[in-house]
Amino acid sequence: NAGVTQTPKFQVLKTGQSMTLQCAQDMNHNSMYWYRQDPGMGLRLIYYSASEGTTDKGEVPNGYNVSRLNKREFSLRLESAAPSQTSVYFCASSAQGQGGGQPQHFGDGTRLSIL
Amino acid sequence: GNSVTQMEGPVTLSEEAFLTINCTYTATGYPSLFWYVQYPGEGLQLLLKATKADDKGSNKGFEATYRKETTSFHLEKGSVQVSDSAVYFCALSDRGGANNLFFGTGTRLTVIP
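For the protein sequence lines, the chains are A and B, in the order given.
To convert a position in the first sequence, counted from 1, into this note's numbering, add 1353.
To convert a position in the second sequence, counted from 1, into this note's numbering, add 71.
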């Protein structure tokens, strides 16, 4: 049972470089999410995809783009990395259920440092 | 809007002590409430949840009751173990189609033998 798989686990970039964080889930979930986790701030939603073919901005979308490639995969792209984007990035997925209450399942995270 | 406020940490307890981590929320409508746990170097794992007022979620000796009148969802455990050392996050779901979660800032718990 892989659940939610994120790659890479660690990455160091220079300011201005670009990269794509990959996420795949094998639970047939409709919804997928990208968060960043910074000390003392909990998790903040960057982008989400309620279903295949749709994406929406979350709380902190600036500097990021996403692609919902298919039902399984949801990637996060940094076009021009900045030191403020140094963070731990988590991907999550969930089923859609009537009235909410569906838990999200998280990957192990990508630790990204921008120099 | 939706927001979660949880007890500032860190919290340090001796093994077998009683644990309470406070969580209060602000929400439009009737949210579902969750506690997630994060062990070092790992992602978040669902610990327990409650989907309506007066529901009690429980798992691994942890409990939390959805209190609509006080807008609270406090986490409790009667006797903590060293293996409970982790960061605990309270969260709410807005019941929208995307099932978005709103997180508190997390509370780090350290249990010493």
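Beta carbons: idealized from backbone N, C-alpha and C, even for Gly.
Here the structure is a predicted model, which is why all the values come from computation and not from measurement.
- Query: Going along the chain, which residues of its own chain have a beta-carbon closer than 8 angstroms to the beta-carbon of B:E134, five neighbours each way excluded?
  - Reply: L119, K127, G128, L146, E147 and K148
- Task: Could you check which residue in A:S1371, A:F1363 and A:L1366 has the C-alpha nearest to that of A:R1430?
- Result: A:S1371
- Message: So with CB distances below 8 angstroms, who are the chain A contacts of B:K120?
- Response: G1454 and P1456
- Status (buried if at least 16 other CB within 10 Å, exposed otherwise) for B:F174: buried
- Task: Could you name the residues of chain B that A:S1447 contacts, counting a contact when the two beta carbons are closer than 7 angstroms?
- Result: N170
- Could you check what DSSP says for B:V153 in three-state terms: helix, strand or coil? helix
- By Cβ distance, which residues of its chain are closer than 6 angstroms to A:S1447, with the 5 residues on each side in sequence left out? H1382, S1384, Q1455 and Q1457
- Item | Pairwise C-alpha distance: B:A98 and B:D264 | What is shown of chain B runs 72 to 184, which leaves residue 264 of chain B out entirely.
- Query: Which of the residues in the region 1386 to 1398 of chain A, read from start to end, lie with their CB under 7 angstroms from any CB of chain C?
  - Reply: No chain C appears in this structure, whose protein chains are A and B.
- Return the bridge partner residues of A:T1373 from the DSSP annotation. A:R1430
- Query: Under 8 angstroms between the Cβ atoms of B:V82 and B:C94?
  - Reply: no
- Task: For B:T114, go through chain A and note every residue whose CB falls closer than 7 angstroms to its CB, in chain order.
- Result: At residue 114 of chain B the sequence reads Gly, which differs from the Thr that was named. Going along chain A in sequence order, the residues near B:G114 (Cβ under 7 angstroms) are F1443, F1459, G1460, D1461 and G1462.
- Who are the neighbours of B:G177 on chain A, taking C-beta pairs under 7 angstroms? G1395
- Message: For B:T136 and A:G1369, what's the separation of their Cα atoms in angstroms?
- Response: 47 angstroms
- Query: Can a CB atom of chain A be found closer than 8 angstroms to the CB of B:L146?
  - Reply: no
- Task: Out of A:T1463, A:S1428 and A:C1444, point me to the one whose CA is closest to A:S1420's CA.
- Result: A:S1428
- Query: Where B:L117 and B:F105 are concerned, what is the direct C-alpha to C-alpha distance, given to the nearest angstrom?
  - Reply: 7 angstroms
- Is B:V153 closer than 8 angstroms to B:P111 when the C-beta atoms are compared? no
- Message: If the criterion is Cβ atoms closer than 8 angstroms, does the pair A:G1395 and B:T176 meet it?
- Response: yes
- Task: Take B:K123 as the anchor and find which of B:E79, B:G132, B:Y107 and B:G100 has the nearest alpha-carbon.
- Result: B:G100
- Does any C-beta atom of chain A lie closer than 8 angstroms to the C-beta of B:F133? no
- Task: Helix, strand or coil for A:S1446, going by three-state DSSP, please let me know.
- Result: strand
- Query: chain A beta carbons: is any one of them nearer than 8 angstroms to that of B:S103?
  - Reply: yes
- Message: Quick check on DSSP: helix, strand or coil for A:Q1438?
- Response: helix
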